[in-house]
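The sequence shown begins at 119 in the numbering used here and counts up by one.
The beta carbon of each residue, even a glycine, is placed where N, CA and C say it ideally should be.
Working notes for the structure below.
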Amino acid sequence: PDWKSAIQAANEILRINPDSEEGQRSLKVAQAGRASRDTAETAAAKEPSVGNYLALSVIYYNEKKYYETVRVCKEALKLDPPVAEAYVNMASAYHALGKTDEGIAALRKAGRLRPDFTFIKSNIEWELEHKGQPSPMDGK
Numbered sequence: 119p120d121w122k123s124a125i126q127a128a129n130e131i132l133r134i135n136p137d138s139e140e141g142q143r144s145l146k147v148a149q150a151g152r153a154s155r156d157t158a159e160t161a162a163a164k165e166p167s168v169g170n171y172l173a174l175s176v177i178y179y180n181e182k183k184y185y186e187t188v189r190v191c192k193e194a195l196k197l198d199p200p201v202a203e204a205y206v207n208m209a210s211a212y213h214a215l216g217k218t219d220e221g222i223a224a225l226r227k228a229g230r231l232r233p234d235f236t237f238i239k240s241n242i243e244w245e246l247e248h249k250g251q252p253s254p255m256d257g258k
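Written out as structure tokens, the structure is:
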């Protein structure tokens, strides 16, 4: 979500009707969302770590900031290349961007790092089937 716009909209509702429960609730939610993102961005800037970057990638993904999601996942991978979760988050963002090949590549890297992540194989199969390619399970 665009927290700045949400805060402005809530403030406009409250300007018109200061007693509006909806306006008050919307303002609190928007302020909390913005504060959460701000806190995660500050943490990643002050203490760059895999955990901080992954937390920020989830926030960016939920805000539909998919390019930012990929960017911070790459930052996490610079610190610790064998982090499957970063590749999984990148794959989700690539999927949302319609970049199927990049998403599949990220999922494959994650799968090599964490074969115990059973959902990765089904996600790759789904991506391939919807791309019009045969599933790696065909012929087995």
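Between which two residues does the alpha helix (DSSP H) containing residue i stretch?
| i | result |
| --- | --- |
| Val176 | Val168 to Asn180 |
| Arg143 | Glu139 to Lys164 |
| Arg232 | First-last for Arg232: undefined, no H or E at that position. |
| Val201 | Element bounds for Val201: n/a, residue is neither H nor E. |
| Asn135 | No alpha helix (DSSP H) contains Asn135, which DSSP labels as neither H nor E. |
Mapping the DSSP letters down to three states, classify residue i as helix, strand or coil.
| i | result |
| --- | --- |
| Gly221 | helix |
| Lys183 | coil |
| Asn241 | helix |
My understanding is that residue i touches residue j, with C-beta atoms under 8 Å, so please give their C-beta distance in whole angstroms.
| i | j | result |
| --- | --- | --- |
| Gly221 | Glu245 | 6 Å |
| Leu172 | Ala153 | Not a contact, Cβ separation roughly 19 Å. |
| Asn129 | Leu145 | 7 Å |
| Asn241 | Leu225 | 6 Å |
>> Can you confirm whether the stretch 208 to 222 touches the stretch 181 to 188 when touching is taken to mean that 3 or more C-beta pairs between the two stretches lie within less than 8 Å?
In response: The answer is yes - the stretch 208 to 222 touches the stretch 181 to 188, with three or more Cβ pairs under 8 Å.
> Counting pairs of Cβ atoms below 8 Å between the stretch 157 to 167 and the stretch 127 to 141, do you hit three or more?
Replying inline: Taking a contact to require three or more Cβ pairs closer than 8 Å, the stretch 157 to 167 and the stretch 127 to 141 do not qualify as touching.
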